[in-house]
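Novice:
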Amino acid sequence: AFCQTLNDFEGKEIGNVLQLRDVTERVLVDDRMRRMERYLGLGSLAGGLHHEIKNPLAALSLHVQLLEEQIEERDPSDETLRMLGVIKKEVHRIGDVLQSFQDFASIGRLNLGPVNLPELIQRQVKLVRPRADQRKVTIHIEPSAESLPTIEADQTRLEQVLLNLILNSMEAMPEGGEVTISAQHADDVVHLEVSDTGPGVPDDLRDRIFDPYFTTKSEGTGLGLALCDKIMRQHQGGLDYRSTDRGATFRLTLPLHMKNGEA
């Protein structure tokens, strides 16, 4: 905003000139550039960590297995088995973290091709249905998500994003609830939404949910949503979040055809 006093030819103040400039687009571009620069740096860091930890972790996992075989031959106590179980669980968790680093670092050029979105959605829902039933979570696919056009995208990466969002919604409702998948198609853009009836993200944390290594969970690396955000940006699209009194919604925005056919 800019304000300047307006005077007549005698120098007498007769009013003010107020100029307003919409800088929304510039702020969005700056934010997009900031995230991409951070992703590049963190991608290199994640790749380096994966390389340095992979071999020691493989050796540790092998020796834990050998130790387990030797202990079982000596009638171990319950406490010994419990401690060994803790070691195995933590080694497995480190492996999961390491794989997250690898996933974040390894996203390069997209493998683009025609993607049937309704079929992709059905596959991911079918994949998580058993776990959803265990958690007493009902998954609905709105008719709007069953009549989407074919788009140009990396099918494997989109499956990864949608699966991550559905699982996040399920984890946000430990007592059960509903997940709804809906869509909108306007001009050359497709909007795909994953909504749940969970509590949502606290207001003071919403600006950080796409930051790498940030998480509100007791377990996890905090790379899930950051990875989804990175994949969507590579598709020249976006990932947004909003929360209401009825739950939370993640919205994917995808172009039907990517400019220049590449990320």
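Each residue of the sequence shown is one higher than the one before, counting from -13 in my numbering.
All C-beta atoms, glycine included, are put in the ideal place defined by N, C-alpha and C.
From a predicted model like this one, the values you see are computed outputs, not experimental measurements.
1) Out of Ser155, Arg232, Leu98, Ser130, which one is the CA nearest neighbour of Thr124?
2) Counting beta carbon pairs with one atom in the stretch 111 to 119 and one in the stretch 59 to 75, are three or more of them shorter than 8 Å?
3) Taking DSSP as the reference, what is the three-state secondary structure of Gln222?
4) Do the CB positions of Gly273 and Thr183 come within less than 7 Å of each other?
5) Taking only the alpha-carbon atoms, compute the straight-line gap between Ile39 and Ala212 and give it to the nearest angstrom.
6) Considering Arg237, what are the terminal residues of the beta strand (DSSP E) in which it resides?
7) Here's a check: name, in chain order, each residue in its chain whose Cβ is nearer than 6 Å to the Cβ of Val3, leaving out the five neighbours to either side.
8) Report buried or exposed for Ile0, applying the criterion of at least 16 other Cβ atoms within 10 angstroms of its Cβ.
9) What is the DSSP secondary structure of Leu144, reduced to helix, strand or coil?
10) By the 10 Å Cβ neighbour count, where 16 or more other Cβ atoms means buried, how is His49 classified, buried or exposed?
11) Would Leu6 be called buried (16 or more neighbouring beta carbons within 10 Å of its own) or exposed?
12) Return the residue from the list Leu134, Ser130, Leu153 that minimises the CA-CA distance to Asp174.
13) With a 10 Å radius around its C-beta and 16 neighbouring C-beta atoms as the bar for buried, classify Ser63 as buried or exposed.
14) Note down, in chain order, each residue of its chain lying with its Cβ closer than 6 Å to the Cβ of Asn97, except the 5 sequence neighbours on either side.
15) Rounded to the nearest angstrom, how far is the Cβ of Leu84 from that of Leu53, given a contact under 8 Å?
16) Which of the three DSSP states, helix, strand or coil, is assigned to Thr210?
Specialist: By the coordinates alone:
1) Ser155
2) no
3) coil
4) No answer is possible for residue 273: it lies beyond the span of the chain, which begins at -13 and ends at 249.
5) 22 Å
6) 233 to 241
7) Gln(-10), Leu(-8)
8) exposed
9) helix
10) exposed
11) exposed
12) Leu134
13) exposed
14) Asp140
15) Going by Cβ atoms, the distance from Leu84 to Leu53 rounds to 21 Å, so no, they are not a contact pair.
16) The question names Thr, yet the displayed sequence has Gly at residue 210. Residue state, collapsed to three classes: helix.
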